[in-house]
Amino acid sequence: MNEQVKSDSSNLLEREVVDNPDFVTVGDIAVENPAMTCRDVNVYYADKQAIFDVSVDIGRNEVIAMIGPSGCGKSTFLRCLNRMNDTIEICRVTGDIALEGEDIYARSMDVVLLRARVGMVFQKPNPFPKSVYDNVAYGVRLHGLARNKSELDDIVEQSLKKAGLWNEVNDRLDKPGTGLSGGQQQRLCIARAIAISPELILMDEPCSALDPIATARIEDLIDELRQQYSIAIVTHSMQQAARVSQRTAYFHLGKLVEVGPTNDIFTKPIHGLTEGYITGRFG
Amino acid sequence: MSTQRQIVESTLARRYARESRFQWYGRISILIGILFLGFLLVTTFLNGYKVLLQTYIQLEVDLTPAQFGGEITEESIAGANYDGIIKSSLRAEFPDVSGRKNRRALYGLISNGAKYDLRDMLIENPAMAGDIRPIWLLADDEVDVFMKGRIDRNQPEANRRLKDNAIGWIDRFIEQGRVEKRFNVPFFTRGDSREPEQAGIFGAIMGSFFTIMVCMLLAVPIGVAAAVYLQELAPKNRITDLIEVNINNLAAVPSIIFGLLGLAIFLNVFGLPRSVPLVGGMVLSLMTLPTIIISSRAALAAVPPSIREAALGVGASPIQTVLHHVLPLAMPGMLTGAIIGLAQALGETAPLLVIGMVAFIVDVPGGPMDPGTVLPVQIYLWSDSPERAFVERTSAAILVLLAFLVALNSFIVLLRRKLERRW
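Written out as structure tokens, the structure reads:
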């Protein structure tokens, strides 16, 4: 009986959000001195709209977690931030996304430069079928960020150290990156992303393919990386969001329902849908 | 009331029977395939290996100064009547042969080409002149066929091309130990000839070599570049759809059509010479392009998208993504496509007939612009010739073509091994 009432009320809430074209995100979308600002972002796959008027800031040296049920559009939104969606023919993005005040969808924005400034770590570890060293050095070489071999060696070592992988691989830098364990591969991918010193790192469910121990290592790493980088992370796990992020954004069916400091979201959510999700009533 | 366990158990026997039945279907199919292949190889080999030996007859050749106009000089050696020398030597061997018909049969024991061999021998070694000396000369193809046991002397004379008198002469040579089967060097070093004993495969080998080289140099880079563009870079719109449909259709066009296209464009419009491996290679590359493009695109499509995303994610441009990551991973698959295409081209006859590579060409081509023929066309030409000695040559040419194919395939397989570093 009680269950029935709860479910009905969340359905009602859902309808209110989804069917309301003027729905406004609850909470504070803006931060002071943001690294990236997104305003009224809409994403369409052919005729189907996947993201509705999402506005949110990504602060400096903060980890912002994007949570929400499957298919809510959080990954799609993340992939807009470095224009990874460009590779999908039918995908169309409207709205303003600005990195340090520069519109990333502007004609003058070079997508290669953008992706050098906004790094990305993917859901499935995807090291190149090359050596550990070459994996990390690839982006550095590509952008000509090292003047000589010793500088390159240095960047590779520093990146692997930051990714917490150096001690495990320093004796096999010439061995294939694909021969590492899953957790090591994901840290290698993080090392590859930070080797080119991006301003912002996007992580699309970086731990979903990893076991709890590897996950814990990556989470520690994300916390350390926050000192230098801004990070936007999409995650399925609310616990993970609670552990690593300073702010949390809750997506529901393509709409950004609520944004706020992580502590507030998890202890006193404003919107009913957010509350429903984090208390596990649906999702 | 039967339990789930009983129901499942009752079906097991039937399921296993079905499985083993299918296994046997497969085994039988493979066995049939092996049998046919074995039959083909064995019969071809049994016919073809005989070509390795060729019959020679030792003749007391009269090389006295009288044959060279009294004086043995470089010039008189080059200009001597070697046909006459051989004929008179044969007459001296069998002085009792009379009558034009019999004499002609006698002369027929020695190959028509022996006179050129003899001349070359003397030009190379003038010291041989001045004497009557025993020299091994190439026997006629009928003698060769007889020596290889493929003419039955018990048959009525009218049914044999080698008559009783000729067999008698051969028997006398055999008695005196003056008939010998030697390794058939001319077959591997000469071009085609109307005389089977003179005909060699080398011209066709070189023709095939140049043709395939031209074909490979044109089709592989163009095919790979087209596949990369269409698969990785081209926008998906109506024009690229149209191109794709057309490529798929071209792969199914009969090869002779490509020959006609080559005839119309390369020969008539561009005015390129007939019968040359260059044009042959160009025509064959037109034919193999669709195959290479289609298989290369499949290989590119099989590269996991995660690798592309990884490269794009660190800021590689689309072309860098393709060149640094996608292409190396797709290379083994692309090479497999190239093998299939080139193997097809190597065995292709029809389009080459149309552009004139079926012409009777004796000279061994020295380059892609020299007229020549190719192995499959040579096989076709020889299989069409009436002389029995061409039977073994046809089979031998088939074996050479197969060896060529195996060599080409193993080269590309080796190359693929080298590139295949999927970690």
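Taken in sequence, the protein lines are chains A and B. Under my numbering, think of the first position of the first sequence as 6, with each following residue one higher. Under my numbering, think of the first position of the second sequence as 708, with each following residue one higher. The C-beta atom is built at its ideal place from N, Cα and C for all residues, glycine as well. It should be emphasised that the depicted structure is a prediction, and the values quoted were computed from it without experimental measurement.
Less than 7 Å separates the beta-carbon of F894(B) from that of V758(B). Between P1072(B) and G1079(B), the C-beta spacing is below 7 Å. Judged by DSSP in its simplified three-state form, K180(A) adopts coil rather than helix or strand. With contacts defined by Cβ atoms closer than 7 Å, F880(B) and R897(B) do not form a contacting pair. Taking a contact to require three or more Cβ pairs closer than 8 Å, the segment 778–790 of chain B and the segment 821–837 of chain B qualify as touching. Leaving aside the five residues that flank T99(A) on each side, the residues in its chain whose CB is nearer than 6 Å to its CB run, in chain order, N47.
For the segment 80–99 of chain A, the beta-carbon criterion of a distance under 8 Å to any beta-carbon of chain B is satisfied by N87, M89, T92, E94.
Take L968(B), set aside five residues on each side of it, and the residues of its chain with a beta-carbon closer than 8 Å to its own are V990, L993, in chain order. Interface annotation for the segment 142–173 of chain A against chain B: Y143, G144, L147, H148, criterion Cβ-Cβ distance under 7 Å.
Straight through space, the alpha carbons of L742(B) and S736(B) are spaced by roughly 10 Å. Secondary structure in the segment 949–1017 of chain B: no beta strand (DSSP E) run of 3 residues or longer lies completely within the stretch.
One alpha carbon belongs to I972(B), the other to G733(B), and they sit about 47 Å apart. C922(B) and L1053(B) have their C-alpha atoms spaced approximately 9 Å apart. The C-beta of D1091(B) has fewer than 16 other C-beta atoms within 10 Å across all chains shown, which makes the residue exposed.
Of I963(B), D838(B), D847(B), the smallest CA-CA separation from F1097(B) is found for D847(B). Inter-residue distance for P1058(B) and V960(B) is about 12 Å (C-alpha atoms, whole angstroms). For L18(A) and R252(A), the gap between their C-alpha atoms comes out near 23 Å. Using a CB distance cut-off of 7 Å, V117(A) counts as an interface residue toward chain B. Assignment of L845(B) by DSSP, reduced to helix, strand and coil, places it in the strand class. For Q761(B), the enclosing beta strand (DSSP E) stretches over residues 760–769.
Between A196(A) and V141(A) the beta-carbon gap is near 5 Å, inside 8 Å, which marks them as a contact. The beta carbon of G1040(B) sits no closer than 7 Å to any beta carbon of chain A. Remark: C-beta atoms of V1061(B) and G966(B) approach each other more closely than 7 Å. The beta carbon of E951(B) does not come within 7 Å of any beta carbon belonging to chain A, so the residue lies off that interface. Minimum Cα-Cα distance from D139(A) among the listed residues R889(B), H1032(B), Q713(B), N891(B) corresponds to H1032(B). In the three-state scheme derived from DSSP, where H, G and I count as helix and E and B as strand, H1032(B) is classed as helix. Contact annotation for A121(A) against chain B: V1021, G1022 [CB-CB distance below 9 Å, chain order]. At least one CB of chain B lies nearer than 7 Å to the CB of K129(A).
Closest option to I236(A), judged by alpha-carbon separation, among A51(A), S242(A), D228(A): D228(A). Contact annotation: in the segment 731–743 of chain B, no residue has its CB less than 7 Å from a CB in chain A.
Under the Cβ criterion (8 Å, minimum of three pairs), the segment 54–73 of chain A does not count as touching the segment 708–724 of chain B.
Spatial neighbours of A55(A) in its own chain (CB-CB distance under 6 Å, excluding positions within 5 residues in sequence) are listed in chain order as V48, G78, T81, G259. Here K135(A) is buried. Its C-beta has 16 or more other C-beta atoms within 10 Å. Proximity to A934(B) across A1005(B), R860(B), F916(B) peaks at A1005(B), based on C-alpha coordinates. Closest by C-alpha distance to G76(A), out of V264(A), G281(A), F256(A), is F256(A). Secondary structure note for S60(A): its beta strand (DSSP E) is the uninterrupted segment 53–64.
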